[in-house]
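Worksheet: one structure, shown below.
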Amino acid sequence: MTPEEFIEAVRDDNETALSRLGSSKSLFADTAGEMEPEAVLSAAATAEHHAAETYESWAEDETGEVAEAFAETAREERAHYDTVAGELDDHDPGETPAIQSYLRGLDDAVERLGGFVGRTLAAEKSKTQVTGFFVGNADPQTAGLFRSMGDDLDAQLERASDLLAAECGDDEAAWERAREAAGGAIRAAYEEYTDRLESMGVNPKPVC
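The sequence shown begins at 3 in the numbering used here and counts up by one.
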């Protein structure tokens, strides 16, 4: 399997979940219905903080190029957090998002790289929604900040998939483990999205 085939397979496996995570209801769920700039920024900052912590932990556990990749990603996520939190008067990172709790339960390089791909695909959807929110809110400067973070995600996806190719090679079982981990990350995010909307009496299924 090539890196491109792997990413396409993960997208196909999780088409419905990714579609709904990319809907406007996802932002509604993340902010508990408070669709105001401060709430959107706070939710985004929380996601970046916990992602940075996950990748920092992985970088300490792994070795070689895998450790370097996680360390580089942790630095990017920490920079994202600093940027977003800098737009707020104060920020409490709050509880760990479900996707990060899932990722922290992965304990080998292949599964972590697969989870890395899954998290990145889910984060792409979130960044698109946040960017669109600030465009609609006539705040092009903040929209631009999130658009640039989305560019970093493109680089992260390439980084993760290239390392997977090196780690998995022709081992189909390894590719399958990575694919399951990627799907698990996306499912964790989707289940949290569903639970949040249902708790607010909102039907999570129709895409809007």
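Here a beta-carbon is modelled for each residue, glycine too, at the ideal position from N, C-alpha and C.
If you're wondering where the values come from, they're calculated on a predicted model, not measured in any experiment.
DSSP state of residue i mapped onto helix, strand, coil
i	result
L29	helix
A54	helix
G185	helix
V2	Missing from the structure shown is residue 2; the chain here goes from 3 to 210 and no further.
L108	coil
T196	helix
E6	helix
T211	Residue 211 lies beyond the range of the chain shown here (3 to 210); nothing can be said about it.
D94	coil
E36	coil
Where the alpha helix (DSSP H) containing residue i begins and where it ends
i	result
K127	A111 to G138
V86	G66 to A87
P142	P142 to C170
T18	E17 to L23
Inter-residue spacing [alpha-carbon to alpha-carbon] between residue i and residue j
i	j	result
M202	A53	26 Å
D153	K129	10 Å
W177	A124	19 Å
R198	E17	20 Å
E6	P142	32 Å
Which listed residue (the options) has its alpha carbon closest to that of residue i
i	options	result
A162	G117, A145 and Q131	G117
E296	P206, T196, E7 and A183	No information on residue 296 is available, as it lies outside the stretch 3 to 210 that the chain covers here.
V86	A11, L147, L105 and A180	L147
G24	E200, Y192, G185 and R198	Y192
E58	L105, E10 and M3	L105
H82	D32, T4, K27 and L43	L43
H93	D109, S28, G185 and A45	A45
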